[in-house]
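Below is one structure, written out as structure tokens; comments come after it.
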Amino acid sequence: MNYDPQQLIAPNTMLFIRKSDDINWEELNNIKHLLIVCDEKEKLQNQALSQITAIYVRNLLQAFFVFCTYYRNLFDLPVVAITGTCGKTTTKEMLKHILSNEMNVQTSVSSKNEPRQSLPYLLGIDDDTKAAVFELGLGNSGNISYQCQIYQPTIGVITNIGVHHLDGCKNLDGYIKAKSEILYGIRAGGTLIINSDDENTKKIPLSTYQNKVFTFGIKNKADIYATAVQFAEKGMKFQVHVNNKKYQAYIPGYGEHQVYNVLAVLAVIHELGLSVQKAILQLRTFEQMERHLQFSKGVGGSTIIDDTWTNNPTSLEAALKVLDSVGNGKKRYLVLGDIKRLGKFEKKYHMELGSLVATYPIHTLITVGTKAENIAKQAIADGTSAKVYMYKDIKGVYELLEQQLDRESLLLIKGPMSSRAMIQFAKQLKSSE
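Going by our numbering, the sequence shown opens with residue 110, and the numbers climb by one from there.
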């Protein structure tokens with residue numbers, strides 16, 4: 110692990126210390142069975158390390174990856190790495206739900222997918238582990254390459270590539286390139302699983318990729334695909350086709366995007382040589398994740414759709430499709446917060462979303478935040494029929510809605526994962542039945 114003064118370092122720990130790290134040596138010297146790896150002799154020589162074993166290396170980063178490779182090679186097991194703009198966490202949790210019934214599986218936790226989490230997750234693999242499923246976070250270029258060097262996946266999955274983290278990748282092309290890093294991180298003889306319907310995924314450079322490619326989709330030709338997709342009671346039902354066989358499927362949770370998540374999961378199951386039919390049956394008992402288009406009763410007897418897990422153009426488009434599909438005969442309310450990490454393109458994409466919102470029959474549009482104002486202004490410019498309200502923050506929004514929402518109202522709320530105010534606001538709406 111890397112040194113973090115806020116962490117409690119336990120006994121039997123290997124600690125990689127960088128030149129820039131400010132070390133509390135007295136604290137470390139009281140920890141039993143601690144091994145320090147460092148690339149600065151002076152940092153070690155100037156300390157009285159009575160309880161510590163220290164190793165000097167010329168290149169700390171190289172030593173770190175040598176250790177990761179050594180540890181990873183102790184285990185011959187399938188490792189699945191999942192990335193994408195949307196659907197990563199759901200796809201990972203679906204796989205965990207299926208595989209855990211048959212074997213001991215090591216997975217990343219919730220959506221905690223930062224690169225710094227990678228080594229602790231890898232070290233969670235032990236002799237009892239039969240498979241591992243990890244979610245790859247992307248904040249900046251190089252993040253996925255780094256995580257793949259640690260995990261060395263045998264199967265890589267790209268759920269889709271939309272628009273996100275442009276501040277760390279400069280522009281959409283840079284973001285696509287950063288997602289493409291997974292191609293070069295998959296072990297020789299492994300498999301890349303991709304969405305055949307996703308336009309940005311088609312831009313990744315497969316011509317230089319040497320391993321197997323397995324595709325999933327609904328609209329275009331794919332190795333595993335779905336037909337007869339339709340909304341059902343509290344979920345989606347559809348047919349799955351693979352290897353000239355057809356299966357009837359159902360997944361809790363609304364939306365075509367949920368079907369894509371299932372197809373990605375079943376593609377992995379297929380590549381692992383497990384039963385696709387059995388996996389489909391197990392997915393019927395998958396519990397929809399919290400704040401992922403989660404339906405609840407709310408204020409005035411209304412229906413609240415809580416989609417505050419994340420907020421980006423791809424997820425908003427998917428949410429609008431769900432709202433449109435289930436909103437017949439209802440007054441449709443839309444509460445949208447700022448979309449972050451779009452860099453210098455934030456105004457452009459907020460305006461584009463305003464144009465998209467204007468194409469839907471929304472009763473009331475409420476934006477929260479200065480960036481989201483561009484959604485409202487563009488929707489007005491494009492002739493939306495919705496009543497439009499713009500708020501700098503969440504204060505006053507509940508009071509407005511409390512007077513309007515009733516049993517004929519359907520409200521979708523989307524806000525950034527980092528906005529505790531939006532998350533709490535959604536809870537307030539749901540607890541006011």
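Ideal Cβ positions, reconstructed from N, Cα and C, are used throughout, including at glycine.
By Cβ distance below 8 Å, which residues in the same chain neighbour residue i in space, the five residues on each side in sequence not counted?
i: S289; result: I313 and P314
i: T122; result: M110, I140, H142, L143 and L144
i: E542; result: At E542, the pLDDT of 49 sits below 50, so the modelled position is not reliable; the number obtained from the coordinates is stated separately. K406, G407, V408 and G410, listed in sequence order.
Verify whether the separation of the beta carbon atoms of residue i and residue j is less than 8 Å.
i: V506; j: V444; result: yes
i: S411; j: R296; result: no
i: F243; j: A172; result: no
i: L465; j: V272; result: no
i: Q348; j: Y356; result: yes
i: Q258; j: G294; result: yes
i: I389; j: A358; result: yes
i: G248; j: H274; result: yes
i: W418; j: R400; result: yes
i: A373; j: T200; result: yes
i: N483; j: K439; result: no
In chain order, what residues of the same chain lie with their CB nearer than 6 Å to the CB of residue i, ignoring the 5 residues before and after it?
i: T162; result: L144
i: S424; result: C195
i: P224; result: N252, Y255 and Q256
i: H350; result: Y334
i: D447; result: G478, K480 and A481
i: C177; result: I259
i: Q115; result: Annotation note: pLDDT 49 at Q115 (below 50); position unreliable, coordinate value reported separately. Closer than 6 Å at Cβ, skipping near neighbours: no residue.
i: T336; result: Q348
i: K150; result: Y165
i: S217; result: Y230, F243 and E244
Per DSSP, residue i is paired with what?
i: N304; result: F325
i: C195; result: Beta-bridge pairing links C195 to no other residue.
i: M499; result: T476
i: R441; result: L519
i: V242; result: V189 and T216
i: V146; result: F125 and I164
i: Y359; result: K346
i: V266; result: I191 and I302
i: I333; result: F325 and V351
i: G446; result: V477
i: S527; result: Paired residue(s): none; S527 is not in a bridge.
Please return the same chain residues whose Cβ sits closer than 7 Å to the Cβ of residue i, not counting the five positions on each side in sequence.
i: A240; result: L186, P187, L208, M212 and V214
i: F395; result: M203, H206, I360 and P361
i: L381; result: P187
i: Q391; result: H206, I207 and N210
i: R441; result: L432, P470, I471, H472 and L519
Rounded to a whole number of angstroms, what is the C-alpha to C-alpha distance between residue i and residue j?
i: G478; j: Y363; result: 28 Å
i: A488; j: A481; result: 11 Å
i: Y458; j: T238; result: 43 Å
i: V377; j: S384; result: 11 Å
i: G246; j: K328; result: 27 Å
i: N269; j: K152; result: 45 Å
i: V146; j: A119; result: 16 Å
i: E561; j: L124; result: Missing from the structure shown is residue 561; the chain here goes from 110 to 542 and no further.
i: S494; j: P422; result: 21 Å
i: K279; j: F454; result: 9 Å
i: S129; j: M345; result: 52 Å
i: K449; j: N210; result: 38 Å
i: D235; j: L183; result: 9 Å
i: Q512; j: S518; result: 12 Å
i: F534; j: I132; result: 41 Å
i: Q397; j: E461; result: 29 Å
i: Q160; j: L137; result: 9 Å
i: D148; j: K539; result: 54 Å
i: Y284; j: G277; result: 8 Å
i: T476; j: H379; result: 43 Å
i: K330; j: D416; result: 31 Å
i: K221; j: R181; result: 21 Å
i: E508; j: G436; result: 23 Å
i: S434; j: I126; result: 54 Å
Report back the beta-carbon spacing between residue i and residue j to the nearest angstrom; my notes put them in contact at under 8 Å.
i: S227; j: T198; result: Not quite, the Cβ-Cβ distance comes to about 16 Å (not below 8 Å), so this is no contact.
i: Y255; j: L231; result: Actually they do not touch by this definition, with Cβ atoms about 12 Å apart.
i: L429; j: I414; result: Between I414 and L429 the Cβ distance is about 11 Å, and since that is not below 8 Å, they are no contact.
i: L520; j: L514; result: 7 Å
i: G524; j: N370; result: With a Cβ gap of about 22 Å, G524 and N370 do not count as contacting.
i: F325; j: N304; result: 6 Å
i: T310; j: I267; result: 6 Å
i: A530; j: D502; result: 7 Å
i: A485; j: G463; result: 7 Å
i: I291; j: I264; result: Actually they are not in contact, since the Cβ atoms of I291 and I264 sit about 10 Å apart, beyond 8 Å.
i: E365; j: V338; result: 6 Å
Would you say the beta carbon of residue i is closer than 7 Å to some non-hydrogen atom of the ligand MN?
i: T317; result: This structure simply doesn't include the ligand MN, nor any ligand for that matter.
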